[in-house]
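For reference, the structure is listed below as structure tokens.
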Amino acid sequence: MKIALVKGDGIGPDIINEAVKVLDKVAAKYNFEVTYEEVLAGGCSIDKIGEPLPQSSIDQCLSCDSVLLGAVGGPKWDNVDSSLRPEKALLGLRAGMNLFCNLRPAIMYPQLSAACPLKDEIIGDGLDIMVVRELTGGIYYGKRGSDENSAFDTLSYTVSEIERIVKKAFEIAMVRDKKLTSVDKANILNSSQLWRSVVERMAKDYPEVKVNHLYVDNAAMQLVRDPNQFDVIVTTNMFGDILSDEASQITGSIGMLPSASLGSGTLGMYEPIHGSAPDIAGKDLANPIATILSVAMMLRYSFNMEKEAKAIEEAVGNVLDLNYRTGDIFTKGMIKVGTKEMGNLIAQAI
Ligand code: NAD
Numbered sequence: 386m387k388i389a390l391v392k393g394d395g396i397g398p399d400i401i402n403e404a405v406k407v408l409d410k411v412a413a414k415y416n417f418e419v420t421y422e423e424v425l426a427g428g429c430s431i432d433k434i435g436e437p438l439p440q441s442s443i444d445q446c447l448s449c450d451s452v453l454l455g456a457v458g459g460p461k462w463d464n465v466d467s468s469l470r471p472e473k474a475l476l477g478l479r480a481g482m483n484l485f486c487n488l489r490p491a492i493m494y495p496q497l498s499a500a501c502p503l504k505d506e507i508i509g510d511g512l513d514i515m516v517v518r519e520l521t522g523g524i525y526y527g528k529r530g531s532d533e534n535s536a537f538d539t540l541s542y543t544v545s546e547i548e549r550i551v552k553k554a555f556e557i558a559m560v561r562d563k564k565l566t567s568v569d570k571a572n573i574l575n576s577s578q579l580w581r582s583v584v585e586r587m588a589k590d591y592p593e594v595k596v597n598h599l600y601v602d603n604a605a606m607q608l609v610r611d612p613n614q615f616d617v618i619v620t621t622n623m624f625g626d627i628l629s630d631e632a633s634q635i636t637g638s639i640g641m642l643p644s645a646s647l648g649s650g651t652l653g654m655y656e657p658i659h660g661s662a663p664d665i666a667g668k669d670l671a672n673p674i675a676t677i678l679s680v681a682m683m684l685r686y687s688f689n690m691e692k693e694a695k696a697i698e699e700a701v702g703n704v705l706d707l708n709y710r711t712g713d714i715f716t717k718g719m720i721k722v723g724t725k726e727m728g729n730l731i732a733q734a735i
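Encoded structure:
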């Protein structure tokens with residue numbers, strides 16, 4: 386497999402190096418070959434060639450089997466022209482690779498339950514929710530404009546845009562608990578009424594999956610009232626952006642959560658949900674686990690390598706069981722380690 390590495394900015398290079406270490410170990414153990422190609426994107430690309438994402442970087446990613454991304458952005462580029470901001474690289478990569486489906490699992494590791502901001506009786510013995518977010522349509526990509534007195538953004542979806550993301554969500558629900566919650570605002574928005582009607586029509590093709598619909602305001606409230614009522618959530622771009630952040634924070638550990646962005650083929654982009662953490666960049670302080678778990682998602686969703694993906698997830702669990710923690714998840718009595726040692730320990734546990 387040929388993997389595009391978009392290390393990016395801040396802690397990006399620190400965490401990608403550890404993810405590569407772990408993937409190399411999995412490849413050696415399970416006998417497959419990996420090669421890497423480094424791709425320029427983000428603030429480092431602005432510094433080098435004056436733009437956050439040259440077309441050549443998109444082409445390079447498209448020529449690989451999958452993409453692993455660290456993070457982009459940082460205060461150094463906060464004042465550049467808005468069309469040149471490092472974050473443009475993310476939107477450009479998603480659109481350029483037609484990655485319309487964003488998977489954000491919110492999993493609470495029992496070893497880290499103390500970091501959960503909710504009461505024990507609400508969380509029970511853990512949390513495992515998959516948020517399936519539409520990624521290349523809706524209000525973030527609609528027509529927009531502004532003048533001195535007004536501004537507008539447009540929210541629109543086509544039937545085919547809704548069908549392709551809802552199909553992914555049903556497929557994921559089928560291999561999990563067969564429970565799908567579709568989140569919309571169909572009491573107000575036309576686009577949500579269309580969304581809901583498509584979900585209802587497609588539900589007939591998946592009779593085993595129990596489907597329910599929630600308005601987004603109610604869903605936001607239910608996520609903190611009783612998160613375990615959810616298994617798979619499917620929703621639009623903006624609602625998914627907000628709800629997936631809320632769901633991930635319930636687990637209490639931003640340095641632990643991976644994500645996948647998928648299209649209709651096997652090419653995907655995999656990245657941690659956190660940003661470039663410029664405050665700790667290059668100091669051997671970043672938690673590499675979210676990026677290492679992103680590699681597990683890559684093996685599962687782009688390469689259909691379930692056994693290898695599980696090996697990584699179990700290795701992470703084993704290292705946590707041995708009480709090793711990076712600073713962000715450290716509590717009293719645990720053993721504090723840096724980025725590199727955490728990567729080494731997980732690679733050894735493979
Ligand atoms: P952030 O996620 O980078 O950092 C928030 C806090 O969490 C910081 O205190 C940071 O030190 C800590 N943190 C984050 N990841 C960590 C890790 N792996 N280990 C330990 N601690 C970790 O969010 P921010 O501060 O809002 O953003 C910083 C920069 O990252 C901004 O330029 C922002 O635009 C960018 N950003 C990029 C992405 C991306 O590339 N996907 C996502 C979000 C933010």
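At position 242 of the sequence shown the residue is numbered 627 (the working numbering), and the sequence of numbers has no breaks.
Glycine included, each C-beta is placed from N, C-alpha and C at the ideal position.
Taking 4 residues as the minimum length, the alpha helix (DSSP H) runs contained wholly in the region 592-623 are 601-610, in order along the chain.
Counting C-beta atoms within 10 angstroms of its own C-beta, Pro673 has 16 or more neighbours from the protein chains shown and is therefore classed as buried. Apart from sequence neighbours up to five positions away, the residues of its chain that approach Met386 with a beta-carbon distance below 6 Å are Val419, Asp450, ordered along the chain. Look at Ile396 here: in three-state DSSP terms it is coil, with no helix or strand label. In this structure, Val601 and Phe624 form a Cβ contact; the two beta carbons are roughly 5 Å apart against a cut-off of 8 Å. Glu533 and Ala389 have their C-alpha atoms roughly 43 Å apart. Judged by DSSP secondary structure, Val419 falls outside any beta strand (DSSP E); it is assigned neither H nor E. Residue burial annotation: Asp444 is exposed, with fewer than 16 other C-beta atoms found within 10 angstroms of its C-beta. Tyr525 and Met559 have their C-alpha atoms roughly 29 Å apart. When beta bridges are read from the DSSP output, Cys486 appears opposite Glu519, Leu647. Per the DSSP secondary-structure output, Asp569 pairs in a beta bridge with Tyr600. Within the same chain, Glu548, Val551, Lys552, Phe555 come within 8 Å of Met587 by CB-CB distance, once the 5 residues on both sides are set aside. For Lys564, the CB contacts under 6 Å within the same chain, skipping 5 residues up- and downstream, are Lys595, Asp616 in chain order. In terms of side-chain proximity, the C-beta atom of Ala474 is found no nearer than 6 Å to any non-hydrogen atom of the ligand NAD. At a cut-off of 4 residues, the continuous stretches assigned as alpha helix (DSSP H) that sit fully inside the region 418-505 are 428-434, 440-448, 472-481. Ordered along the chain, residues surrounding the ligand NAD are Ala456, Val457, Gly458, Gly459, Gly640, His659, Gly660, Ser661, Ala662, Asp664, Ile665, Ala671, Asn672, Asp713 [Cβ under 5 Å from any heavy atom]. Secondary structure at Met654: strand, using DSSP grouped into helix, strand and coil.
Beta-bridge annotation (DSSP): Val391 is paired with Leu454.
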